[in-house]
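Student: Right, I'll just put the structure down here and ask away after.
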C-alpha cells in the first residue's frame, strides 16, 4: 500500500520542478527580448547618428561653398580697387605678384568686371591696353569732367583738337588747321608743350600723332589703330575711311605753304609786340 504522504510529496516536487522550468523559460524570453530591444536601440542611435553626420556634412559643404564665394568676391573687389587707384595700365603679372591671387582667377575676374561695367552703363570702363588692363573714363565723358583731372584742366578747345588728332592720326598739322580753324596753331602748341602729341616734319607741314602719355591719361591703348578702334566704338562713330584721309592729307599738304606763311606772320606779330 502506497503511503499517501509520500505520493503527495512526489506530486509537490513535480509541480515545483514544472514551476522552475516555466520560470526558466520566462527568464530566457525576457533576456532575449531585452537583448533584442537593446540591439534595436543601438541601430536607431546609429541611424540617427548617420543622419546627423549627413546633415553636418551638408552644412559643412554649404559653409565651404559660401566661403569660396565670399573669397572670390573679395578678390574681385581687390582687383577692381587696384585698377581704380593705379591710374595706369596693370598687367596680370603685377596684380598676381602684389595681390597674391592666381593669374587664371585674375583674368576671369577682370572679364567679369569689364562685363559688369558694360551692363551698368557707368562712366567708367575697363580697357585692355596691349596685354595690360586699365580702368578709365568713357571717351564721351572726358570733355565734360577734364576740369577735375589731376594736374589741371584741359580746355574744351584743346580736347576737341586732340580728339581729331587721335582719331585721324597720323594727321598733317595743315589738315588740323583746316578742320579746326586758325586757332589750331595754338592748340597744337599747347598739346606739344604738355607732351600729349608729337610732331614730325613732313613736306611743308608736320605730321601729328598722340603720345603714350595721352594713352595712359585717357585709358586707351598705345597702339594707334587699336586706340582709334576703341574711340570710334565709344563715340558711336562710323569707321573713318583711310581713303578720305589720304585725299584730305594731299589737299592739306598743298596748303602747307599757306600754313608756313601764317605761322611766320604770327611769329612776327609776337616779336613786334615784345
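In our numbering, the protein residues as written are 4 to 277.
A virtual CB, placed ideally from N, CA and C, is assigned to each residue, including glycine.
Identify which residue in 205, 184 and 213 has its Cα closest to the Cα of residue 198.
Tutor: The residue with the shortest Cα to Cα distance from residue 198 is 213.
Student: If you measure between the beta carbons of residue 231 and residue 170, is that distance less than 8 Å?
Tutor: In contact: residue 231 and residue 170 (Cβ atoms closer than 8 Å).
Student: In or out: residue 252 buried (at least 16 other Cβ within 10 Å) or exposed?
Tutor: Note that residue 252 scores a pLDDT of 49, beneath 50, so its modelled location is shaky; the value from the coordinates is reported in the next line. Buried: at least 16 other Cβ atoms inside 10 Å.
Student: Between the C-alpha atoms of residue 126 and residue 145, what's the straight-line distance to the nearest angstrom?
Tutor: Approximately 9 Å between the Cα atoms of the pair.
Student: Flag this pair as yes or no: are the beta carbons of residue 136 and residue 129 separated by less than 8 Å?
Tutor: Yes, the pair counts as a contact, with Cβ atoms nearer than the cut-off.
Student: Taking only the alpha-carbon atoms, compute the straight-line gap between residue 191 and residue 206 and give it to the nearest angstrom.
Tutor: The alpha-carbon atoms of residue 191 and residue 206 are separated by roughly 18 Å.
Student: Does the region 71-85 come into contact with the region 97-117, if we say contact requires no fewer than three beta-carbon pairs (one atom in each stretch) closer than 8 Å?
Tutor: Judged by Cβ distances under 8 Å, the region 71-85 makes contact with the region 97-117, as three or more pairs qualify.
Student: Between 124, 91 and 195, which has its C-alpha nearest residue 131's C-alpha?
Tutor: Cα-wise, what sits closest to residue 131 is 91.
Student: Tell me whether residue 3 is buried or exposed, calling it buried when 16 or more other Cβ atoms sit within 10 Å of its Cβ.
Tutor: Past the edges of the chain, shown from 4 to 277, lies residue 3, and the structure says nothing about it.
Student: DSSP three-state call for residue 126: helix, strand or coil?
Tutor: Correct three-state label for residue 126: coil.
Student: Looking at the structure shown, is residue 201 part of a helix, part of a strand, or coil, going by DSSP?
Tutor: Looking at residue 201 - three-state DSSP - the assignment turns out to be strand.
Student: Taking residue 110 as the reference, give the member of 220, 88 and 83 with the closest Cα.
Tutor: When only C-alpha atoms are compared, the closest one is 83.
Student: Considering only their Cβ atoms, is the gap separating residue 167 from residue 148 smaller than 8 Å?
Tutor: Contact: no.
Student: With DSSP collapsed to three states, give me the class of residue 109.
Tutor: Three-state DSSP puts residue 109 in a helix.
Student: With a Cβ-Cβ cutoff of 8 Å, do residue 176 and residue 158 count as a contact?
Tutor: No, these two residues do not count as a Cβ contact at 8 Å.
Student: Pick from 112, 85 and 163: whose alpha carbon is nearest that of residue 238?
Tutor: Of 112, 85 and 163, the residue nearest in Cα terms is 163.
Student: With distance defined between alpha-carbon atoms, name the residue in 86, 216, 97 and 72 nearest to residue 117.
Tutor: Checked all of 86, 216, 97 and 72; the closest Cα to residue 117 is 86.
Student: Taking residue 137 as part of the beta strand (DSSP E), name the residues at either end of that continuous run.
Tutor: Unbroken beta strand (DSSP E) run through residue 137: 135-140.
Student: I'd like the span of the beta strand (DSSP E) that includes residue 208, first residue to last.
Tutor: Segment 208-213, the beta strand (DSSP E) holding residue 208.
Student: Does residue 157 come out as helix, strand or coil in the three-state DSSP assignment?
Tutor: Residue 157 falls in the coil class under three-state DSSP.
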